[in-house]
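> Chains A and B, in that order, are what the protein sequence lines are.
Position 23 of the first sequence, counting from 1, maps to 23 under the numbering used here, and the rest follow consecutively.
Start counting at 1 in the second sequence, then tack on 1000, and there's your number in the numbering used here.
Protein chains: 2
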Amino acid sequence: MNECERGIAALEDALYAIGGKWKLRIVSALKDSGARRFNELQRTVKGISPRVLSNELKELEMNGFVKRIVHAQSPVLVEYELTPYSDTLKDVLVALIQWGANHRVRVREGAHSAV
Amino acid sequence: MNECERGIAALEDALYAIGGKWKLRIVSALKDSGARRFNELQRTVKGISPRVLSNELKELEMNGFVKRIVHAQSPVLVEYELTPYSDTLKDVLVALIQWGANHRVRVREGAHSAV
DNA sequence: GTTACTACTATCCTTTAGTATACTACTATC
DNA sequence: GATAGTAGTATACTAAAGGATAGTAGTAAC
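(1) Do you know whose CA, among B/1005, B/1014, B/1007, lies nearest residue 1096 of chain B's CA?
(2) Establish whether the CB of residue 47 of chain A and some CB of chain B are separated by less than 9 Å.
(3) Please confirm whether residue 1055 of chain B and residue 107 of chain A have their CB atoms less than 9 Å apart.
(4) Please list, in chain order, the residues of the stretch 1006 to 1034 of chain B that have any C-beta partner in chain A closer than 7 Å.
(5) Considering only C-alpha positions, which residue in the set B/1059, B/1065, B/1085, B/1021 is nearest to residue 1046 of chain B?
(6) What are the residues that DSSP puts in a beta bridge with residue 1018 of chain B?
(7) Mind checking if residue 36 of chain A is an interface residue toward chain B, Cβ cutoff 9 Å exclusive?
(8) I'd like the list of long-range same chain contacts for residue 92 of chain A, defined as Cβ closer than 6 Å, with 5 residues on each side in sequence excluded.
(9) For the stretch 41 to 70 of chain A, list every residue whose C-beta sits within 9 Å of some C-beta in chain B, in sequence order.
(10) Does residue 1098 of chain B have its Cβ less than 9 Å from a Cβ in chain A?
(11) Under a three-way DSSP split, which group does residue 23 of chain A fall into?
(12) DSSP three-state label for residue 179 of chain A, please.
(13) Going by beta carbon distance, what residues of the same chain come within less than 7 Å of residue 83 of chain A, once the five residues before and after it are set aside?
(14) Would you say residue 85 of chain A lies against chain B (beta-carbon separation less than 9 Å)?
(15) Just the Cα atoms here: how many angstroms apart are residue 90 of chain A and residue 1109 of chain B?
(16) Grouping DSSP H, G and I as helix and E and B as strand, with all else coil, what is residue 109 of chain A?
(17) Output needed for residue 85 of chain A: all residues of its chain with C-beta closer than 6 Å, excluding positions within five of it in sequence on either side, in chain order.
(18) Please confirm if residue 1082 of chain B has its CB atom under 9 Å from at least one CB of chain A.
(19) Could you give the DSSP three-state label for residue 1097 of chain B: helix, strand or coil?
What follows is the structure, encoded as structure tokens:
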């Protein structure tokens, strides 16, 4: 595996971790509101189905972005919250947002702007 | 559309522009070698089918990353090359690669490392 | 004991992404 | 005139992502 291939692999790991329709919306919802329960999240993240929410939370947990906290009293209460590790995404997300916002304007303008 | 939604939209534009299995491999191939013809690219980017290569090149062109140059002599020769605009991806790609490389190590280690 | 909440899982379906491969229209070579 | 290269397109398929909706197991309130 040469340097270029390692770069592509790292890139794909990163894109896989934050890619898809819902992951960043869930992270965003948790960022805004702190710990949330499953059904609360389903109401907050508009349009997501419980199946998809469940899958995405598992992947977010596997990637270390989200912690699942079970409060064992009755009835069982489960909360999801962001980990400190999720903050490491900040720089890369800011870079993506800035580039994306600029790109959006550029494409809207029909790419007439120089360079 | 509030600020958060605009951020998500910008993010999705960015992820869409660089996402998928092939876009960055094509960009990478063009970066390494300068202008390339269609069939050259198909040989360089291992495993891509002509259909997908054709689709991806059209999207890359629409996004302003790639320029399609037709040399009208006979036989017709078509070359694809990166635009200066494609350089604007550099910072965001570097950030993604660094984060992804770190994340890969972290996940391999079973996420035992602090934070 | 019915209703409603908790946190999900299961099943099925549609849509999107990607793969495989044949084919076209043209030019050039042997 | 058969073969091979140019730059793709067309058709048909599989695989992965996501959507819709019903159901489960438990608790609690009315």
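The C-beta atom is built at its ideal place from N, Cα and C for all residues, glycine as well.
To lay it out plainly:
(1) B/1014
(2) no
(3) no
(4) 1007, 1008, 1010, 1011, 1013, 1014, 1015, 1017, 1019, 1024, 1025, 1028
(5) B/1021
(6) DSSP, once it has assigned bridges, lists no residue as partnering residue 1018 of chain B.
(7) no
(8) none
(9) 62, 63, 64
(10) yes
(11) helix
(12) With chain A running from 1 to 115 in the structure shown, residue 179 of chain A is simply not present.
(13) 64, 65, 66, 67
(14) yes
(15) 22 Å
(16) coil
(17) 64
(18) no
(19) helix
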